[in-house]
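Protein chains in written order, with our numbering: chain A, 1 to 331; chain B, 1001 to 1344.
We put the beta carbon where it would ideally sit given N, CA and C, even for glycine.
Here's the structure, in structure tokens; my notes come after.
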Amino acid sequence: MTDYSSVIPAKAGIRGDEVPAAALDPRFRGNGGVIKTRSEPFLEEQAAPATKVRGYWESVFHRLRRDPVTLVFAVIVLLIVLAAICAPLIAPFDPYKESIVGRLKPLGWRGHPLGTDELGRDMLSRLIYGGRVSLLMGIVPVLIASLIGGMLGIAGGFIGGRTNTAVMRTMDVFYAFPSVLLAVAIAGAMGGGMANGMLALSLVFIPPMCRVAETATTQIRALDFIEAARASGARTTTIIRYHVLGNVLGPVFIYASSLVSVSILLASGLSFLGLGVRPPVPDWGLMLSTLRQSIYVVPFVCALPGLAIFITSICCNLVSDGLRAAMDVRM
Amino acid sequence: MSSLAYDPRDRGGPQQPMLIARDLRKHFPVKASGGKSVQAVDGVSFSVGKGETLGVVGESGCGKSTLARLMLHLIKPDAGELVFDGDPVGVAPGIPIDALRRQVQIVFQDSYSSLNPRMPVRDSVAFGPFVQGKRKDEARQVARDMLGKVGLDPEIFGPRYPHELSGGQKQRVNIARALATGPRMVILDEPVSALDKSIEAQVLNLLRALKRQLNLTYVFISHDLNVVRYISDRVLVMYLGRIVEFGPIDAIFERPLHPYTRALLASRPSMDPARRIELPPISGDPPNPIEPPSGCRFRTRCPFAEMVCETADPMLGPLQGPQSHVAACHMQEAHSGHSLAASA
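Set out below in structure tokens:
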């Protein structure tokens, strides 16, 4: 072994418990100039008032309960989702059943509460069934994008350096296109259909999702507790799992919930252009597209799919806004 | 030394320093400067004896925190070596970095950012033991014990989040977190600088009590000389990435050798209004660490600077024994060419 005698052969003196007053700054002087060092830890802190301590999710729900606006819109979203799931149970008619006589009838015509479309199909039933497709197109692409974009963002943000630059500049290439244009281009290139539409939307949402995750990760990575975790011997994967994910999931979840409404809108747009669902499958965007020629015949009936899209997306937006507020730990 | 209880991890015996640093060097490259770099730590050698508290003082930006991170290999040194209890760190026959981190821990200045804001503090404390191989329930038990040791009731404070605690309480949690893995040495990087004075005293007393209880060795980094004097056995004074003076605490405070140490001591606020400081003892900012002055780095602000200070780099004298007191100054070096040099 190397000889270290040139560097201080240390023999440290340990000081006694009581330090002479002369050696001390006056502000530490307690009684008679001698510092009272207690061998037992102090117990003052234990006398602190015991306030109710809540877990994270418990406190989120506690704050949500005091936010009636979010609650009301959350209930509406829930009703729309329930209606879509239970469509066969609540739809008054078969959404595919056409009728030559009953085409483009106004609201309330012969037991059709919301009228009929250009092929005489019941509007209410078609709207309920259309919700299935629209919600699916709203949620699935966002889920896929959160997963892929989130992982890319966390990896890039945590590794940093050139890896991060490579990931983020690639994302910027996709960012350069307006989202509608990109979705139309991808869906157009791959041909229409529901699966391709979802794929196109997923690709559109990956860059913004990745950016949100990357920003959150970069902020977290610079904090001392990551360094402290590393100092206690934790490996990168352990640090990401226990310290990064919990902090990044919040912003990612909030952003994802706001993307659901965008996704519904874009999906409707794709269907409207004939790049999404194919007829005769009921879909809000597609219905809007086929009914637009009849806007002068039964204006209100033709506007109904648009109204459904509007209500769903605005409710999703308001709920995501409320969640953002409720999930902020520092409130 | 006799007060140290037997520790099975003690390999070198009481005479073997806990940590030896030899010629540690860390330069951070500066972008857009044409290959220049900030010389954060530039050739620093010292040792920390077992059971002692080594104080590190210096102005902001002198490399104190970089030194702390180098000691744990949180950043890789560009040159130099570390020897922990006789074993070279991170070199083949010595002690691997993972093993070093089981025995050395760090407490940071910013008590808020040192705790995961989304984790109840008991989980933050339990994380260290958990990653070092304890089962989850064992790690939780350690966390409860450690929170109790730092004076926080684990039932009341354990389930709380960092934002629900005061600065002093958070810093106690950080101390508990650092101690939870059972380290032998703790690096305290300005642990009390962000606390107010009454809490500062409490935390300092807590640190002293814990050191005795758990047979710890401390490296205590601070810019507050009074705090360093209260807690340290020996002090290392840094200026622009180098050690300018090193010695036992009382010797440094009563007989400072280096003009920089003298200036630092003189700049302490006086408690006696009759001895009010009229003139600032050092003026100006420290020189640019990207291009430090030639020769002695303090010469641009030193009242005694002469020709020799510009041309020759003063060396820190050889250390003989734990009580030796040395300074890197031409005035301390016989025949250095400085007119005030001690004639040997």
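Can residue i and residue j be called in contact, C-beta distance under 8 Å?
{"i": "A:Cys210", "j": "A:Gly149", "result": "yes"}
{"i": "A:Leu182", "j": "A:Val212", "result": "no"}
{"i": "B:Val1150", "j": "B:Leu1206", "result": "yes"}
{"i": "B:Leu1188", "j": "B:Val1219", "result": "yes"}
{"i": "B:Gly1241", "j": "B:Leu1195", "result": "no"}
{"i": "B:Met1018", "j": "B:Arg1184", "result": "yes"}
{"i": "B:His1258", "j": "B:Val1237", "result": "yes"}
{"i": "A:Asp224", "j": "A:Gly130", "result": "no"}
{"i": "A:Pro106", "j": "A:Val298", "result": "yes"}
{"i": "B:Leu1204", "j": "B:Val1192", "result": "yes"}
{"i": "B:Arg1011", "j": "B:Asp1098", "result": "no"}
{"i": "A:Leu304", "j": "A:Gly285", "result": "no"}
{"i": "B:Tyr1239", "j": "B:Gly1061", "result": "no"}
{"i": "B:Thr1300", "j": "B:Pro1289", "result": "no"}
{"i": "B:Ile1106", "j": "A:Ala231", "result": "yes"}
Answer with yes or no whether the minimum CB distance from residue i to chain B is below 8 Å.
{"i": "A:Ser232", "result": "yes"}
{"i": "A:Ala48", "result": "The pLDDT assigned to A:Ala48 is 46, lower than 50, so where the model puts this residue is not dependable, and the model offers no usable value."}
{"i": "A:Ala228", "result": "yes"}
{"i": "A:Leu136", "result": "no"}
{"i": "A:Ala325", "result": "no"}
{"i": "A:Leu223", "result": "yes"}
{"i": "A:Leu43", "result": "Note that A:Leu43 has pLDDT 45, beneath the 50 cutoff, so the model's placement of it is unreliable and no number is given."}
{"i": "A:His243", "result": "yes"}
{"i": "A:Asn164", "result": "no"}
{"i": "A:Thr217", "result": "no"}
{"i": "A:Thr236", "result": "no"}
{"i": "A:Asn247", "result": "yes"}
{"i": "A:Arg27", "result": "Annotation note: pLDDT 42 at A:Arg27 (below 50); position unreliable, coordinate value reported separately. Cβ-Cβ to chain B under 8 Å: yes for A:Arg27."}
{"i": "A:Ser39", "result": "The predicted model places A:Ser39 with a pLDDT of 42, which falls under 50 and marks its position as unreliable; any figure quoted below should be read in that light. At least one chain B Cβ lies under 8 Å of A:Ser39."}
Could you check whether the Cβ of residue i sits closer than 8 Å to any Cβ belonging to chain A?
{"i": "B:Asn1215", "result": "no"}
{"i": "B:Phe1298", "result": "no"}
{"i": "B:Ala1274", "result": "no"}
{"i": "B:Val1128", "result": "Note on residue identity: the sequence assigns Gly, not Val, to residue 1128 of chain B. So, interface residue."}
{"i": "B:Val1131", "result": "yes"}
{"i": "B:Asp1137", "result": "no"}
{"i": "B:Thr1181", "result": "yes"}
{"i": "B:Met1146", "result": "no"}
{"i": "B:Pro1117", "result": "yes"}
{"i": "B:Arg1009", "result": "no"}
{"i": "B:Ser1267", "result": "no"}
{"i": "B:Ala1327", "result": "no"}
{"i": "B:Ser1193", "result": "no"}
Looking at the secondary structure, which residues open and close the alpha helix (DSSP H) in which residue i lies?
{"i": "B:Lys1026", "result": "Careful: B:Lys1026 lies outside any alpha helix (DSSP H), inside the beta strand (DSSP E) at Leu1019 to Pro1029."}
{"i": "B:Arg1262", "result": "Pro1259 to Ala1266"}
{"i": "A:Thr236", "result": "Thr236 to Ile239"}
{"i": "B:Gln1105", "result": "Segment Val1104 to Val1107 is the beta strand (DSSP E) holding B:Gln1105; no alpha helix (DSSP H) there."}
{"i": "B:Phe1246", "result": "Looking at the DSSP string, B:Phe1246 is not in any alpha helix (DSSP H); the run it does join, the beta strand (DSSP E), is Arg1242 to Pro1248."}
{"i": "A:Tyr175", "result": "Gly161 to Tyr175"}
{"i": "A:Leu323", "result": "Pro299 to Ala326"}
{"i": "B:Ala1201", "result": "Lys1197 to Leu1214"}
{"i": "A:Gly188", "result": "Ser179 to Met190"}
{"i": "B:Arg1297", "result": "Counting along the chain, B:Arg1297 falls outside any alpha helix (DSSP H), and DSSP gives it neither H nor E."}
{"i": "A:Ile344", "result": "In the structure as shown, chain A begins at 1 and stops at 331. Residue 344 of chain A is therefore absent and cannot be evaluated."}
{"i": "B:Tyr1230", "result": "Leu1225 to Ile1231"}
Could you spell out the range, first to last residue, of the beta strand (DSSP E) harbouring residue i?
{"i": "B:Tyr1218", "result": "Thr1217 to Ile1221"}
{"i": "B:Leu1188", "result": "Met1185 to Asp1189"}
{"i": "B:Leu1082", "result": "Ala1079 to Phe1084"}
{"i": "B:Asn1305", "result": "With the sequence shown as reference, residue 1305 of chain B is identified as Ala, and Asn is not the correct amino acid for it. Segment: none, B:Ala1305 is in no beta strand (DSSP E) and carries neither H nor E."}
{"i": "A:Gly111", "result": "Counting along the chain, A:Gly111 falls outside any beta strand (DSSP E), and DSSP gives it neither H nor E."}
{"i": "A:Val101", "result": "Note, A:Val101: premise wrong, no beta strand (DSSP E); not H, not E."}
{"i": "B:Leu1179", "result": "Taken as a continuous stretch (DSSP letters only), B:Leu1179 belongs to no beta strand (DSSP E), being part of the alpha helix (DSSP H) at Gly1167 to Leu1179."}
{"i": "B:Tyr1239", "result": "Arg1234 to Tyr1239"}
Within 7 Å of chain A by C-beta, residues of the segment 1149 to 1171 of chain B in sequence order: Lys1149, Val1150, Gly1151, Leu1152, Asp1153, Ile1156, Pro1159, Arg1160, Tyr1161, His1163 and Gln1169
Interface residues of the segment 1064 to 1075 of chain B facing chain A [CB-CB below 7 Å]: Leu1072 and Leu1074
Alpha helix (DSSP H) runs wholly inside the segment 1040 to 1084 of chain B, at least 4 long, in chain order: 1064 to 1071
Contained beta strand (DSSP E) runs [length at least 3] in the segment 220 to 284 of chain A, N- to C-terminal order: Counting only runs of 3 or more, we get nothing.
Continuous alpha helix (DSSP H) assignments of at least 4 residues falling wholly in the segment 1101 to 1161 of chain B: 1121 to 1131, 1136 to 1149 and 1154 to 1157
The segment 144 to 177 of chain A: positions lying closer than 7 Å to chain B by Cβ: none
Residues of the segment 277 to 301 of chain A whose Cβ lies closer than 8 Å to any Cβ of chain B, in chain order: none
Under 7 Å (Cβ pairs) to chain A, residues found in the segment 1091 to 1112 of chain B: If the cut-off is 7 Å between Cβ atoms, the segment 1091 to 1112 of chain B has Asp1098, Arg1101, Arg1102, Gln1105, Ile1106, Phe1108 and Asp1110 near chain A.
Chain A contacts from the segment 1019 to 1031 of chain B (Cβ-Cβ distance under 9 Å): Ile1020, Ala1021 and Arg1022
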